[in-house]
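In the working numbering, the protein residues as written are 396 to 649.
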C-alpha cells in the first residue's frame, strides 16, 4: 500500500490536551477549503464536533451510529460546500467519493496502518494537490512506525505556530509517574521486629511446660503441736481390761 505523491504529509507532535488547539490553528491557516477530521472512536467524534462548533466552525459529524438518512444529509451538505468541516470515524468514511477535499487531519493516529492509507486517500485525488496531517502523541509512536513501514517512506514533522511540540517518546519523569506507583513510607525493619517481639515472647512463655506444685512437707514442730493438740481417745477405744482390771475386791488384798 502507498499514498499518492500529490499528498503533502506531515506529523504534528503534540500532547493529548494540545490536539484541539493544533487543529484550530491549522484550520485557520491559508489554503484550507474543506477538511475531513478522523477520530478513532465515536465518543471522540462527538467531542471534537462539539468543540469545533463552540468555536464557531461550520462543522458536521459522521459516525456509524447515525441512521442512513442523517448520514446522507450531512454528506450532501459537505459535498455541496454548505458544511466545510466533517468530523468522522473510519467506518463512516469508508468508500466516500468526494472529488475535491483539500485537507485530511488525523486527530487520532489509526491503530491499523491500512486505515492511514484509506484516510489519506480522501485528499489529493485525480492529480490534485492535497494535505494530510497527523497528530502524534508520545504514546502513538509505535503506530507511526508501522505506518512508515507500510507506505515505504518517512513522514516529516510539521511545526505549528503557537502549539507546543511534544517529545517523540515519554520523558523519564513521565515514565516514572506513569509506571511507578506512589509508595507509602516504610518503617524500619527494627521497629517491626520490636513490635512483633512481645507476642513471640508471650507465645514462647505459654508453650513452656508448667512445673507441678511441690508438696509441702509438714514441719516437725507442726507435727508435735498437732499431736499434742489432739484430744485423748475415748475410754471405750482404750485397751480392753485384763481380769478384774484396776478394781480388786478387798478380801483378795488380805
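Cβ atoms here follow ideal geometry from the backbone N, Cα and C, with glycine treated the same way. Just so it is clear, the structure is predicted and the values come from calculations on it, not from any experiment.
Legend entry - Spatial neighbours of residue 440 in its chain, beta-carbon cut-off 8 Å, leaving aside the 5 residues before and after: Indexing the chain shown from 1 puts residue 440 at position 45. Contacts found: 434, 456, 457, 458, 482, 483, 484.
Legend entry - With 16 other Cβ atoms within 10 Å as the buried cut-off, status of residue 506: Translated into the one-based positions of the chain shown, residue 506 becomes position 111. The residue in question, residue 506, is exposed, as its Cβ has fewer than 16 Cβ neighbours within 10 Å.
Legend entry - Extent of the continuous alpha helix (DSSP H) to which residue 449 belongs: Position 54 of the chain shown, counted from the first residue, corresponds to residue 449. First-last of the alpha helix (DSSP H) with residue 449: 437-449.
Inset, instruction - Select from 504, 548, 554, 475 the residue whose C-alpha is nearest the C-alpha of residue 402. - result: Position 7 of the chain shown, counting from 1, holds the residue named residue 402. Checking every option, the nearest Cα to that of residue 402 belongs to 548.
Inset, instruction - Count the other CB atoms, across all protein chains shown, that sit within 10 Å of the CB of residue 450; report buried if there are 16 or more and exposed otherwise. - result: Sequence index remark: in the chain shown, residue 450 carries index 55 (1-based). Under this definition residue 450 is an exposed residue.
Inset, instruction - Look at the Cβ atom of residue 501, then the Cβ atom of residue 480, and state whether they are nearer than 9 Å. - result: Taking the first residue of the chain shown as 1, we reach residue 501 at position 106. Taking the first residue of the chain shown as 1, we reach residue 480 at position 85. Contact: no.
Legend entry - Identity of the residue in 474, 416, 404 nearest residue 556 by Cα: If you number the chain shown from 1, residue 556 lands on position 161. Here the closest residue by C-alpha is 416.
Legend entry - Whole-angstrom distance between residue 398 and residue 511, CA atom to CA atom: Start at 1 with the first residue of the chain shown, and residue 511 comes out as number 116. Start at 1 with the first residue of the chain shown, and residue 398 comes out as number 3. Rounded to whole angstroms, residue 511 to residue 398 spans 9 Å at the Cα level.
Legend entry - Local Cβ density within 10 Å of residue 486, reported as buried at 16 or more and exposed below that: The residue you call residue 486 lines up with position 91 of the chain shown. Exposed: under 16 other Cβ atoms inside 10 Å.
Inset, instruction - Might you give, ordered along the chain, the residues of its own chain that have their beta carbon closer than 6 Å to the beta carbon of residue 498, omitting 5 neighbours on each side? - result: Within the chain shown, numbered from 1, the residue matching residue 498 stands at position 103. Result list for residue 498: 427, 430, 526, in chain order.
Inset, instruction - Could you check what DSSP says for residue 430 in three-state terms: helix, strand or coil? - result: Working through the chain shown from its first residue, we reach residue 430 at position 35. Looking at residue 430 - three-state DSSP - the assignment turns out to be strand.
Inset, instruction - For the alpha helix (DSSP H) containing residue 513, list its first residue and its last residue. - result: Along the chain shown, one-based indexing puts residue 513 at 118. That run of the alpha helix (DSSP H) goes 508-515.
Legend entry - Reduced DSSP secondary structure (H/G/I, E/B, other) of residue 540: Reading the chain shown from its first residue, position 145 is the one you call residue 540. The answer is helix: DSSP assigns residue 540 an H, G or I state.
Inset, instruction - Report buried or exposed for residue 396, applying the criterion of at least 16 other Cβ atoms within 10 angstroms of its Cβ. - result: Along the chain shown, read from residue 1 onward, the residue named residue 396 stands at position 1. Exposed.
Inset, instruction - Would you check if the stretch 462-476 and the stretch 528-545 touch, i.e. whether three or more CB-CB distances between them fall below 8 Å? - result: no
Inset, instruction - Could you check what DSSP says for residue 559 in three-state terms: helix, strand or coil? - result: Taking the first residue of the chain shown as position 1, residue 559 is located at position 164. Looking at residue 559 - three-state DSSP - the assignment turns out to be coil, as it is neither helix nor strand.
Inset, instruction - Would you tell me roughly how many angstroms separate the C-alpha atoms of residue 519 and residue 494, rounded to the nearest one? - result: Here the question's residue 519 lines up with position 124 in the chain shown. Here the question's residue 494 lines up with position 99 in the chain shown. So the alpha carbons of these two residues sit roughly 9 Å apart.
Inset, instruction - Using the DSSP secondary-structure output, state which residues sit across from residue 403 in a beta bridge. - result: Stepping through the chain shown from its first residue, residue 403 is reached at position 8. Its beta-bridge partners are 526.
Inset, instruction - Mind checking which residues open and close the alpha helix (DSSP H) that includes residue 496? - result: Here residue 496 is taken as the residue at index 101 of the chain shown, counted from 1. Looking at the DSSP string, residue 496 is not in any alpha helix (DSSP H), and its letter there is neither H nor E.
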